[in-house]
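Trainee:
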């Protein structure tokens with residue numbers, strides 16, 4: 012959902028272009044959305060800051076006429092699913108206790124391999140990954156990252172501190188793997204041969220600084236590849252007063 016500041020910017024721009032001192036320059040604006048869905052994203056923002064960024068906190072909201080759509084046309088043939096979405100949005104749907112959901116036995120491996128478990132928080136992703144790795148048989152291989160700060164000539168940040176950082180967009184310092192477990196690439200290595208950001212692979216073996224893997228989905232399914240250590244760094248540097256590089 013767009014922040015109220017973005018809507019205000021459109022309002023001021025249209026007033027400037029048209030020379031009319033009316034909301035949106037006197038133009039009729041049609042906006043669509045559902046407040047049950049994702050609120051504006053405020054990086055590391057509090058609940059109050061997120062709510063304050065909502066369109067409903069804008070001075071323009073009082074000038075808005077709300078028209079409600081009551082029929083879900085995409086789910087017209089499945090009224091139960093339509094009602095289910097409303098219950099989830101309203102917070103009235105019963106929650107399922109426990110951390111695991113049993114996958115039906117009739118789902119084949121080919122079906123499951125093209126799916127992924129989604130989670131809203133990185134800490135939950137790490138927990139799920141650890142639980143899934145524990146379910147695989149065989150010897151565990153642990154890779155530890157080499158962390159450094161770019162242009163840290165005075166060595167202000169210790170290696171232990173850098174290793175303790177768990178940052179979105181970078182793999183963890185301690186990476187646990189087993190033969191047969193799935194992995195996902197985080198960067199483009201060789202797109203022409205199927206090695207790009209988001210490619211899913213199955214671990215087949217491990218070397219000191221190389222992972223032997225097989226591409227699991229796509230037109231390059233079954234291709235055997237070797238993944239070396241790749242230097243990764245954050246594209247946004249406002250999280251820390253330094254640029255972390257992890258390899």
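In my numbering, the protein residues as written are 12 to 258. No residue lacks a Cβ here, since even glycine has one placed at the ideal position from N, Cα and C.
1. In whole angstroms, give me the CA-to-CA distance for residue 86 and residue 94.
2. Spell out a yes or no on whether the segment 198-206 and the segment 177-188 are touching, meaning 3 or more CB-CB pairs, one atom from each, closer than 8 Å.
3. Here's the rule I'm using: 16 or more other beta-carbon atoms within 10 Å means buried, otherwise exposed. How should residue 14 be labelled?
4. Could you pull the DSSP bridge partners for residue 161 from this structure?
5. For a cutoff of 7 Å on Cβ pairs, would you count residue 180 as touching chain C?
6. When the Cα of residue 214 is compared with those of 152, 63, 115 and 255, which residue comes out closest?
7. If the criterion is Cβ atoms closer than 7 Å, does the pair residue 219 and residue 195 meet it?
8. Per DSSP, residue 257 is paired with what?
9. Using the three-state DSSP reduction, which class does residue 211 fall into: helix, strand or coil?
10. Residues in the same chain with beta-carbon distance under 7 Å from residue 185, minus the five sequence neighbours each way, listed in chain order, please.
Mentor: Taking the definition as stated:
1. On the chain shown, position 75 is the one that residue 86 refers to. On the chain shown, position 83 is the one that residue 94 refers to. Looking at the two C-alpha atoms, the distance is approximately 10 Å.
2. no
3. Position 3 of the chain shown, counting from 1, holds the residue named residue 14. Burial call: buried.
4. Position 150 of the chain shown, counted from the start, is the residue given in the question as residue 161. For residue 161, which the question treats as bridged, DSSP gives no partner whatsoever.
5. Of the protein chains in this structure there is only one, and it is not chain C.
6. Here residue 214 refers to the residue found at position 203 of the chain shown. Checked all of 152, 63, 115 and 255; the closest Cα to residue 214 is 152.
7. Counted from its first residue, the chain shown places residue 219 at position 208. Counted from its first residue, the chain shown places residue 195 at position 184. Cβ distance not < 7 Å, so residue 219 and residue 195 don't count as in contact.
8. Within the chain shown, the letter at position 246 stands for residue 257. BP columns for residue 257 point to 158 and 243.
9. Here the question's residue 211 lines up with position 200 in the chain shown. Strand.
10. On the chain shown, position 174 is the one that residue 185 refers to. These residues qualify, in order along the chain: 153 and 155.
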